[in-house]
């Protein structure tokens, strides 16, 4: 039987968390890019260097609504997100 202990080890969880953080950072940059928001080199570095999952989630949410890339770092609340129902529902 194969030894699967690696997949449940603290090291493997750390690797998965790093991958999630990289994915969220990439998502932020994609959203900003699709929206046509310019991202300065220093801002891009700050986003890609972050490993705090909750902070990255917050930035990802903000990236859909801000006018400038630097605004994702603001402490100002953006308000609640409203989910609109489709007329088909």
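In the UniProt record's numbering, the protein residues as written are 1 to 89.
Backbone N, C-alpha and C fix where the C-beta goes; we use that ideal spot for every residue, glycine too.
Just verifying my parser: in three-state terms, what is the DSSP assignment at residue i?
i, result
"residue 76", "coil"
"residue 51", "coil"
"residue 34", "helix"
"residue 81", "Summary for residue 81: the model assigns pLDDT 49, below 50, so the residue's position carries little reliability; its value from the coordinates is reported in the next sentence. Correct three-state label for residue 81: coil."
"residue 61", "helix"
"residue 21", "helix"
"residue 40", "coil"
"residue 12", "helix"
"residue 71", "helix"
For residue i, which of the options has the nearest alpha-carbon?
i, options, result
"residue 34", "65, 77, 75 and 73", "65"
"residue 74", "43, 51 and 31", "43"
"residue 18", "32, 51 and 30", "51"
Using C-beta distances below 7 Å, list every residue in its chain close to residue i, excluding the 5 sequence neighbours before and after it, in chain order.
i, result
"residue 9", "none"
Using a Cβ-Cβ cut-off of 6 Å (strictly less than) and excluding sequence neighbours within five positions of residue i, which residues of its own chain qualify?
i, result
"residue 14", "none"
"residue 47", "25 and 28"
Ignore the nearest five residues each way along the sequence and tell me which others in residue i's own chain have a CB closer than 8 Å to its CB.
i, result
"residue 62", "71, 72, 74 and 78"
* **Segment contact flag, the segment 23 to 33 with the segment 56 to 68, C-beta cutoff 8 Å, min 3 pairs** => yes
* **the segment 32 to 44 touching the segment 69 to 79, judged by at least three CB pairs closer than 8 Å** => yes
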